[in-house]
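Visitor:
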Amino acid sequence: MNDMKKLMFFLPAIFMMGCEPPADTMRLLDELVVSTTYDRDVNFSEYRTYSMATDTIGFFSNQRPNDTIFVQTSSNNYPRPVLNKVQENLQARGFQRVARNEDPDLRINVYIVNDYNVYQQVNYPGYYYPSYYGYGYGYGGYYGGYPYVSTYASNTGALIVEILDLRHITADRKVKSIWNASMGDVYSTIDLIKQSEAALDQAFIQSPYLGR
0 MNDMKKLMFF
10 LPAIFMMGCE
20 PPADTMRLLD
30 ELVVSTTYDR
40 DVNFSEYRTY
50 SMATDTIGFF
60 SNQRPNDTIF
70 VQTSSNNYPR
80 PVLNKVQENL
90 QARGFQRVAR
100 NEDPDLRINV
110 YIVNDYNVYQ
120 QVNYPGYYYP
130 SYYGYGYGYG
140 GYYGGYPYVS
150 TYASNTGALI
160 VEILDLRHIT
170 ADRKVKSIWN
180 ASMGDVYSTI
190 DLIKQSEAAL
200 DQAFIQSPYL
210 GR
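The sequence shown runs contiguously to residue 211 in numbering that gives the first Met the number 0.
Listed below in structure tokens is the structure:
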């Protein structure tokens, strides 16, 4: 079984000028975690060419797990700079982009994974005394009011870049991922494009093995 290695890096915040929240709050909002994994059995210098989209990234969500949405530059200004940054880093490592019909060695996939969750919390105002006996006055009780339920929603998203090995497709047409970078949360960052570009640069910086 191939051994996978994983690195994680907390990208420093970029502080904006003008009206802004306190520094600690802003750092938490604008900090992207960069995590990379790779196949240690792979010699990346053996690969030369790759193919990838130039203006479209994928979008996957647990709200509609069977549907794949493709976000295009024509309807959103996010895909183009992200894809350009990926291509810039790959070229700097000696890889050459070619068309899909030119038999590339690698396939680069770029997409966002959305995780949307709704959960509830029971709140107990005032002081709560538990039951020790189970009957009569032993029932638990409250001072200060009845408990109430609060509903919360969390929405997080990770930018994913993966490299697929097209030179070693299995007999049953399976393709192996040999490098993966995860960057998030892209929903809470303050400067989405700038922080995504910085995170992509960091993903390659912490992957010195990735090159010719």
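Note that beta-carbon positions come from the ideal geometry of N, C-alpha and C, so glycine has one too.
Keep in mind that this is a model prediction, so the values were computed, not measured.
Can you tell which of Asp184, Ala180, Asp102 and Ala198 has the C-alpha that lies nearest to the C-alpha of leucine 165?
Guide: With distances taken between Cα atoms, leucine 165 lies closest to Asp102.
Visitor: Could you name the residues of the same chain whose beta carbon sits closer than 8 Å to that of isoleucine 192, not counting the 5 residues immediately before and after it, in chain order?
Guide: For isoleucine 192, where only same-chain residues beyond five positions count, the Cβ hits under 8 Å are Asn76, Tyr77, Pro80 and Val81.
Visitor: Note down the Cα distance separating tyrosine 127 from aspartate 114, rounded to an integer number of angstroms.
Guide: Unreliable positioning characterises tyrosine 127 in this predicted model, as indicated by a pLDDT of 48, which lies under 50. The coordinate reading is nonetheless provided below. Spanning the two alpha carbons is a distance of roughly 35 Å.
Visitor: Return yes when the Cβ of glycine 183 is within less than 8 Å of the Cβ of glycine 156, no when it is not.
Guide: Result yes, Cβ atoms of glycine 156 and glycine 183 sit closer than 8 Å.
Visitor: Please state if the CB of leucine 105 and the CB of isoleucine 162 are separated by a distance shorter than 8 Å.
Guide: Cβ distance < 8 Å, so isoleucine 162 and leucine 105 count as in contact.
Visitor: Nearest-angstrom Cα distance between serine 74 and tyrosine 110?
Guide: Going from the Cα of serine 74 to the Cα of tyrosine 110 covers about 16 Å.
Visitor: Taking 8 Å as the limit between beta carbons, can you name the residues of its chain near valine 70, skipping five residues before and five after?
Guide: If we look at valine 70 and ignore the five residues flanking it on each side, its Cβ neighbours are Thr55, Ile56, Gly57, Phe58, Tyr77, Pro78 and Ile111.
Visitor: Valine 160: buried (16+ other C-beta within 10 angstroms of its C-beta) or exposed?
Guide: Looking at its Cβ environment, which holds 16 or more other Cβ atoms inside 10 Å, valine 160 is buried.
Visitor: Can the beta-carbon of tyrosine 46 be found less than 8 Å from the beta-carbon of leucine 89?
Guide: Contact flag unset, no.
Visitor: I need the straight-line Cα distance from valine 185 to glutamine 194, nearest angstrom please.
Guide: Each residue's Cα considered, the two are about 9 Å apart.
Visitor: Does the distance from the CB of leucine 33 to the CB of isoleucine 177 come in under 8 Å?
Guide: For clarity, residue 33 is valine in the given sequence; the question names leucine instead. Cβ distance not < 8 Å, so valine 33 and isoleucine 177 don't count as in contact.
Visitor: Between the C-alpha atoms of alanine 202 and alanine 170, what's the straight-line distance to the nearest angstrom?
Guide: Cα to Cα, the separation comes out at about 32 Å.
Visitor: With DSSP collapsed to three states, give me the class of arginine 39.
Guide: It is coil, neither helix nor strand.
Visitor: Give every residue of the same chain whose Cβ lies closer than 6 Å to the Cβ of aspartate 23, excluding the five residues on either side of it in the sequence, and list them in chain order.
Guide: Note on aspartate 23: pLDDT 44, under 50, position unreliable in the model; no value is reported.
Visitor: Given glutamate 196, which residues of its chain have a CB within under 8 Å of its CB, disregarding the five upstream and five downstream residues?
Guide: The residues are Pro80, Val81 and Lys84.
Visitor: Tell me where the alpha helix (DSSP H) around serine 60 begins and ends.
Guide: Premise fails: serine 60 lies in the beta strand (DSSP E), 55-60, not in any alpha helix (DSSP H).
Visitor: Provide the residue span of the beta strand (DSSP E) that contains glutamine 205, from first to last.
Guide: First-last for glutamine 205: undefined, no H or E at that position.
Visitor: Please list, in chain order, all residues of the same chain as glycine 93 whose beta carbon is under 7 Å from its beta carbon, the five residues on each side excluded.
Guide: Closer than 7 Å at Cβ, skipping near neighbours: Gly210 and Arg211.
Visitor: Identify, in the order they occur along the chain, each residue of the same chain with its Cβ nearer than 6 Å to the Cβ of serine 44, setting aside the five sequence neighbours on each side.
Guide: Counting only Cβ-Cβ distances below 6 Å, and skipping sequence neighbours, we find Arg211.
Visitor: Work out the CA separation of leucine 158 and serine 181 for me, nearest whole Å.
Guide: Looking at the two C-alpha atoms, the distance is approximately 6 Å.
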